[in-house]
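Residue numbers (the working numbering), protein chains in the order written: chain D, 30 to 369; chain L, 30 to 369.
Printed below as a string of structure tokens:
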């Protein structure tokens with residue numbers, strides 16, 4: 030069993046559950062034979078979907094959960110009250126070491142709460158950062174923290190930097206990833222109190238490739254691989270990224286449809302444009318991990334397609350193979366005397 | 030003289046000085062006869078440019094300043110040392126009530142420092158916010174504070190909201206402007222410590238149309254007219270706005286140039302696209318004011334064209350006519366017992 034990556038999948042979470050979720054699981058096990066997926070949720074609904082496909086029965090197991098957490102439900106309450114929800118049951122599989130990772134397209138807030146309370150943080154991890162990959166001109170960057178816990182301390186930001194660098198290097202496969210801290214100028218003396226305190230601590234870290242301050246203007250150009258910031262700022266960046274890209278693309282579409290000549294032009298340019306814009310679409314990069322937990326928790330988009338679900342599942346293999354949780358434990362142990 | 034708006038213009042500031050700056054001044058006085066422009070800078074350079082145009086000599090006066098502040102110069106030092114720079118001399122004209130406003134395309138940091146130290150804050154104003162207009166789907170929104178002083182207090186954010194609402198209503202001409210605070214969720218209990226403390230104070234303000242939290246995702250859609258935040262967050266939003274729009278537009282251009290078919294399409298679509306993208310180009314909206322000072326200070330883009338310079342000058346008329354500085358003084362006086 031040790032060569033197999035076991036992924037608990039929330040079959041009921043997200044806008045397209047259970048059909049797209051189940052299809053993503055099928056796609057994953059049909060592509061890789063070193064994966065086992067636990068489909069967690071309502072038996073009838075899941076089995077009904079499964080009956081549409083042929084697959085290796087040993088690679089998929091259905092685990093019953095009778096409740097569902099709705100997308101708009103207040104997270105703390107949902108995790109506390111719905112003990113038999115697909116999210117809580119799936120996370121417990123990770124907690125009990127029956128699964129290596131949990132993947133869900135469900136309620137983001139509940140993922141953050143459940144990750145910390147059900148799966149639990151690795152000892153020494155002060156806060157588990159939520160770390161989505163955002164598209165850039167040259168690829169992707171990991172932005173953390175985008176979670177719900179704001180007003181972080183400098184030592185927490187330093188942990189985020191380490192966790193992010195480890196993830197980018199060992200799971201995403203970027204050698205010696207460049208780490209930057211979000212700031213409002215390039216100079217070390219710039220910034221708010223938090224950034225000014227964190228900057229010298231990051232400079233002291235010999236285990237990461239810290240390149241200094243990153244202005245938000247430079248982020249879309251892909252100047253660094255790991256972008257560290259406090260969660261309020263991370264949320265502002267992530268949501269502005271999504272919002273501005275969405276608005277600009279729709280404004281451009283309106284522009285293209287505004288005259289007959291431009292409509293013809295748009296028709297000719299469409300395939301090339303589509304390919305370009307696709308590379309800037311966050312949804313193609315699978316899931317965002319919640320780092321620093323006793324097992325991996327991955328959140329995919331609420332409207333994830335089967336391809337995103339499949340990518341999110343396959344992402345878990347590298348995490349398991351590289352034994353990230355253990356590496357985090359070691360790194361924290363080495364670090365503790367200094368920063369705790 | 031009282032019906033004339035007197036604008037001191039930094040003839041040496043910005044990438045295109047003095048030629049574009051002088052041309053902008055000429056355009057302004059040729060369009061409006063209720064303006065007088067003081068062109069501040071090196072006599073020879075300015076007179077050389079002026080000799081190219083015909084204009085009403087009474088509307089333009091050259092004021093000598095023998096020094097220049099470079100674009101990359103450390104601001105505090107520059108303002109302190111270069112007493113005879115075009116920026117300091119121009120700001121002094123406002124301080125001494127010889128001009129109603131100062132317009133510059135020069136060093137942003139120096140504008141912020143000089144605005145507060147040379148022109149000076151209105152009594153009771155705790156911090157003078159820098160407030161650029163950012164383009165949205167429906168028009169523009171005023172984003173403040175984007176200045177250099179971070180880690181603001183709740184009472185300062187409340188002042189920003191008031192100053193911003195006053196500017197949008199009386200200078201830009203938006204009736205009963207909607208004011209929102211940047212937050213990471215719609216609910217009142219969301220946010221960092223600063224936002225949670227500020228939110229109820231804004232709700233209590235009967236003189237502004239406070240609509241609550243605004244998520245950064247919604248900003249490009251134009252959900253509110255005045256967007257209030259602390260300067261670190263303001264800088265992140267402003268610079269990401271510029272950076273992401275720039276990267277996306279260049280990625281789209283590359284996409285359009287990638288195949289022969291798409292190239293032909295691009296050629297046909299170009300006029301319509303150009304018009305659309307122009308509306309999302311921050312540079313078309315003239316200058317960003319530094320609010321709460323004893324006179325108006327307006328910063329235009331470093332690479333401002335004559336049109337932007339002209340627009341920035343003309344913007345000052347409404348500020349003068351509406352007697353904004355006095356209205357701020359009254360509003361602060363009414364407010365002082367409660368919030369100081």
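Ideal Cβ positions, reconstructed from N, Cα and C, are used throughout, including at glycine.
Residue i - DSSP class collapsed to helix/strand/coil
| i | result |
| --- | --- |
| residue 35/L | strand |
| residue 69/L | strand |
| residue 183/L | helix |
| residue 328/L | strand |
| residue 249/L | helix |
| residue 135/L | coil |
| residue 235/D | coil |
| residue 220/L | coil |
| residue 166/L | coil |
| residue 99/L | coil |
| residue 367/D | For residue 367/D, the predicted structure reports a pLDDT of 46, less than 50, and the residue's modelled location is therefore unreliable. A value from the coordinates is still provided. If DSSP states are grouped into helix, strand and coil, residue 367/D belongs with the helices. |
| residue 228/L | helix |
| residue 259/D | coil |
| residue 30/D | Because the pLDDT at residue 30/D is just 45, under 50, the model does not fix this residue reliably, and the value given afterwards should be weighed accordingly. Coil at residue 30/D, not helix or strand. |
| residue 354/D | helix |
| residue 308/L | coil |
| residue 323/L | coil |
| residue 128/D | coil |
| residue 206/L | coil |
| residue 151/D | coil |
| residue 293/L | helix |
| residue 178/D | coil |
| residue 193/L | helix |
Inter-residue CB distance, residue i and residue j (contact presumed, cutoff 8 Å)
| i | j | result |
| --- | --- | --- |
| residue 133/L | residue 39/L | 4 Å |
| residue 156/D | residue 181/D | 7 Å |
| residue 42/L | residue 116/L | 6 Å |
| residue 47/D | residue 89/D | With a Cβ gap of about 13 Å, residue 47/D and residue 89/D do not count as contacting. |
| residue 153/L | residue 353/L | About 15 Å; that fails the 8 Å criterion. |
| residue 206/D | residue 255/D | 5 Å |
| residue 211/D | residue 258/D | 4 Å |
| residue 149/D | residue 124/D | 6 Å |
| residue 37/L | residue 122/L | 4 Å |
| residue 159/D | residue 319/D | 5 Å |
| residue 114/L | residue 93/L | Rounded, the Cβ-Cβ distance is 11 Å, inconsistent with contact. |
Same chain only: Cβ atoms within 6 Å of residue i, ignoring 5 sequence neighbours per side
| i | result |
| --- | --- |
| residue 372/D | Shown here, chain D extends from 30 to 369; a query on residue 372/D therefore has no answer. |
| residue 52/L | 335 |
| residue 230/D | 183 and 187 |
| residue 65/D | 33, 35 and 88 |
| residue 50/D | 40 and 338 |
| residue 220/L | 212 |
Under 8 Å by beta carbon: chain L residues contacting residue i
| i | result |
| --- | --- |
| residue 281/D | 281, 302, 305 and 306 |
| residue 180/D | 221 and 222 |
Proximal residues of chain L, C-beta to C-beta of residue i below 9 Å
| i | result |
| --- | --- |
| residue 247/D | 268 and 272 |
Amino acids of chain D, ordered along the chain, whose beta-carbon sits closer than 7 Å to that of residue i
| i | result |
| --- | --- |
| residue 285/L | 298, 301 and 302 |
Under 7 Å from the C-beta of residue i: neighbouring residues of chain L
| i | result |
| --- | --- |
| residue 309/D | 277 and 280 |
| residue 33/D | The contacting residues do not exist; residue 33/D stays about 38 Å from chain L at best. |
| residue 244/D | 268 |
Own chain, CB closer than 7 Å to residue i, minus 5 neighbours either side, in chain order
| i | result |
| --- | --- |
| residue 358/D | 151 |
| residue 263/L | 172, 173, 174 and 175 |
| residue 84/L | 55, 58 and 59 |
| residue 203/D | 197 and 254 |
| residue 331/D | 43, 44, 100 and 134 |
Under 9 Å from the C-beta of residue i: neighbouring residues of chain D
| i | result |
| --- | --- |
| residue 99/L | The premise fails here: residue 99/L is roughly 16 Å from chain D at the closest Cβ pair, so nothing lies under 9 Å. |
Cβ neighbours of residue i in the same chain (closer than 8 Å, five flanking residues each side left out)
| i | result |
| --- | --- |
| residue 356/D | 195 and 199 |
| residue 238/L | 194, 205, 206, 207 and 208 |
| residue 377/L | The structure shown does not extend to residue 377/L, since chain L is modelled only from 30 through 369, so no value can be given for it. |
| residue 294/L | 285 |
Can you list, in chain order, the residues of the segment 221-239 of chain D whose Cβ is nearer than 7 Å to any Cβ on chain L? 221 and 222
Could you name the residues of the segment 250-280 of chain L whose beta carbon sits closer than 7 Å to any beta carbon of chain D, in the order they occur along the chain? 250, 261, 262, 264, 265, 266, 268, 269, 270, 271, 272, 273, 274, 276, 277 and 280
Short of 7 Å Cβ to Cβ, which residues in the segment 102-127 of chain D face chain L? none
Contact list for the segment 288-302 of chain D against chain L, Cβ threshold 9 Å: 288, 290, 291, 292, 293, 294, 295, 296, 297, 298, 299, 300, 301 and 302
Contacting positions in the segment 144-170 of chain D - beta carbon closer than 9 Å to chain L: 165 and 166
Listed in chain order, which residues of the segment 189-217 of chain L have Cβ atoms closer than 8 Å to some Cβ of chain D? 211 and 213
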